[in-house]
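Have a look at the structure below, then the notes.
Protein chains: 2
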Amino acid sequence: MTHSERRIPEATVARLPVYLRCLIELADDRTPTISSERLAEMAGVNAAKVRKDLSYLGSYGTRGVGYDVEFLLFQMSRELGLTQDWPVVIAGVGNLGQALANYGGFTDRGFPIGALVDVDSTKVGTSVAGVTVHHLDELPQLVEAKGIAIGIISTPAAVAQSVSERMTAAGITSILNFSPSVIAVDAKVSVRKVDLAVELQILSFYRRRADGPGSMGPDTTGPDPAAAANVT
Amino acid sequence: MTHSERRIPEATVARLPVYLRCLIELADDRTPTISSERLAEMAGVNAAKVRKDLSYLGSYGTRGVGYDVEFLLFQMSRELGLTQDWPVVIAGVGNLGQALANYGGFTDRGFPIGALVDVDSTKVGTSVAGVTVHHLDELPQLVEAKGIAIGIISTPAAVAQSVSERMTAAGITSILNFSPSVIAVDAKVSVRKVDLAVELQILSFYRRRADGPGSMGPDTTGPDPAAAANVT
DNA sequence: TAGATTGTTAATCGATTAACAATC
DNA sequence: TAGATTGTTAATCGATTAACAATC
Chain S
1 MTHSERRIPE ATVARLPVYL RCLIELADDR TPTISSERLA EMAGVNAAKV
51 RKDLSYLGSY GTRGVGYDVE FLLFQMSREL GLTQDWPVVI AGVGNLGQAL
101 ANYGGFTDRG FPIGALVDVD STKVGTSVAG VTVHHLDELP QLVEAKGIAI
151 GIISTPAAVA QSVSERMTAA GITSILNFSP SVIAVDAKVS VRKVDLAVEL
201 QILSFYRRRA DGPGSMGPDT TGPDPAAAAN VT
Chain F
1001 MTHSERRIPE ATVARLPVYL RCLIELADDR TPTISSERLA EMAGVNAAKV
1051 RKDLSYLGSY GTRGVGYDVE FLLFQMSREL GLTQDWPVVI AGVGNLGQAL
1101 ANYGGFTDRG FPIGALVDVD STKVGTSVAG VTVHHLDELP QLVEAKGIAI
1151 GIISTPAAVA QSVSERMTAA GITSILNFSP SVIAVDAKVS VRKVDLAVEL
1201 QILSFYRRRA DGPGSMGPDT TGPDPAAAAN VT
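Taken in order, these protein sequences are the chains called S and F. Residue numbering for the first sequence follows this note's numbering, beginning at 1 and increasing consecutively. Residue numbering for the second sequence follows this note's numbering, beginning at 1001 and increasing consecutively.
If you want it as structure tokens, here you go:
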């Protein structure tokens, strides 16, 4: 029995949510079991990788049969910490911030919008997606009161660093940075970065070369390929 | 003289846009030269990596001095294919699609919104961010007329595959997929995937473990990390 | 010249993949 | 039992990094 406390490689962690989504789809279809071969096809990776990735979670498959969809779904949700909701705060309620707040995909998947903050006095007090916009100064109280777990930065680049510092000061240890800037945080804080224009720039590069890979692993995410730094 | 036609590693390609942004900032400040050490600090990576990455572009530095900001900026823009604009089409004008259209960051960085398409007849004919929404059926003509280079998918997952097929049929070879689904395209098409909820799920994983890395390489990018597949 | 900093080498590390014994 | 499929090994590949000779 391979126990679950093995260290899971970063590249594997970045793929788990993709498998999770496939499993949800299979569960919706009432598919009882799935082979690594078919799961690989759904996830767009190869079967050996699926088996290796899943083996880090434990030996949850059955030789000759495959993986029990419901069971694997449960184990994977547990591993990803998705058996509970994690409320988020969005800092910066401009175009992008409003869009993220209105985008139902976060709430749907266990990340409800717990709070919105901005520094613009014309925005403070208004309501976006049914959530009142508070002043950034109220962040510590909001984090406390709403049990905020994750901070999303959708401010201009110029203030992203200072916003990240106020988030960490308020006790937030997970940050998703949409601003086009690298933020420095201390080692115990996790940061992921999504830069929309960077993705287009990478595509632009591959256009020139009669198209090389143009896809990525993690993050491709991200590592992503085009991804983040976690500087101390 | 290391010539520029060396194959550039994917991980490096994903970092070039990050360096590019730093260089733009430096050029704005009229900083004439930059060392790998300082550029590394700005980009949130280590100096050896910067030097290795830049060496793939050519020997553009000067020992004892550093890199000429303007010159490196020009070379990097050229390498990334950013000396011209690449108009994009956004397919799916829901919450996310509208947000992307209104988000100025694309146009600002050389990716103007050339067209918007949807299948919803209540949306067709309306205008978003100053651009008229057309029916998806008109995609081939729009691609032709507007010189569309890149397709952005912000549709529901269920139709993403078919939209990607219509894009490639219309001659598009670069796709940025925001829908939470893996799309299969043929080998000559470049796809990158950005899944907003996946990023939060990855952060959720690292919360559990008294915080491991929580950052990534590529799409990151990669790879980021949480990123894409390019399946045939 | 002395100091600074690149460009490249080589060692190391992590991720991918094919192959196959184990086993349902 | 025969067929199917996992879990793991080991080989390979690609990315990172420290170190330092080259050279401005």
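We put the CB at the ideal spot given by N, CA and C, even for glycine. Keep in mind that this is a model prediction, so the values were computed, not measured.
C-beta neighbour in chain F for Val13 of chain S, strict 8 angstroms: yes
Stretch pair the stretch 136–156 of chain S + the stretch 83–93 of chain S: three plus CB contacts closer than 8 angstroms: yes
Boundaries of the alpha helix (DSSP H) in which Val50 of chain S is found, first to last residue: 47–55
C-beta neighbour in chain F for Met167 of chain S, strict 8 angstroms: no
Cβ neighbours of Val1131 of chain F in the same chain (closer than 6 angstroms, five flanking residues each side left out): Ile1113, Leu1116
Of the residues S:Arg192, S:Gln98, S:Pro9, the one placed nearest Ser55 of chain S, counting alpha carbons only: S:Pro9
Alpha helix (DSSP H) runs wholly inside the stretch 143–182 of chain S, at least 4 long, in chain order: 157–169
Short Cβ contact (8 angstroms threshold) for Glu79 of chain S with Leu100 of chain S: no
Delimiting residues of the alpha helix (DSSP H) encompassing Asp108 of chain S: Per DSSP, Asp108 of chain S is one residue of the alpha helix (DSSP H) stretching across 105–108.
Proximal residues, the stretch 24–58 of chain S versus chain F, C-beta separation under 8 angstroms: Met42, Ala43, Gly44, Val45
Rounded C-alpha distance that separates Leu1026 of chain F from Thr62 of chain S: 57 angstroms
Anticipated Cβ contact below 8 angstroms, Met1109 of chain F with Ala197 of chain S, distance rounded: Residue identity differs from the one stated: residue 1109 of chain F is Arg in this sequence, not Met. Their Cβ separation, rounded to whole angstroms, is 4 angstroms, which keeps Arg1109 of chain F and Ala197 of chain S in contact under 8 angstroms.
Per-residue burial, Pro17 of chain S [other beta carbons within 10 Å of its own, 16 or more giving buried]: buried
Ser190 of chain S and Ser179 of chain S closer than 8 angstroms at C-beta: no
Helix, strand or coil at Ala1184 of chain F [DSSP, three-state]: coil
Within-8 angstroms CB hit, Tyr1206 of chain F to chain S: yes
Beta-ladder partner(s) of Val191 of chain S, from DSSP: S:Ile175
Within 8 angstroms, strictly: CB atoms of Leu1023 of chain F and Leu1072 of chain F: yes
C-beta atoms of Tyr1067 of chain F and Ile1034 of chain F nearer than 8 angstroms: Judged by beta-carbon spacing, Ile1034 of chain F lies within the 8 angstroms limit of Tyr1067 of chain F, meaning their Cβ atoms are closer than that value.
Below-8 angstroms beta-carbon distance, Gly171 of chain S vs any chain F residue: No, Gly171 of chain S does not count as interfacial toward chain F.
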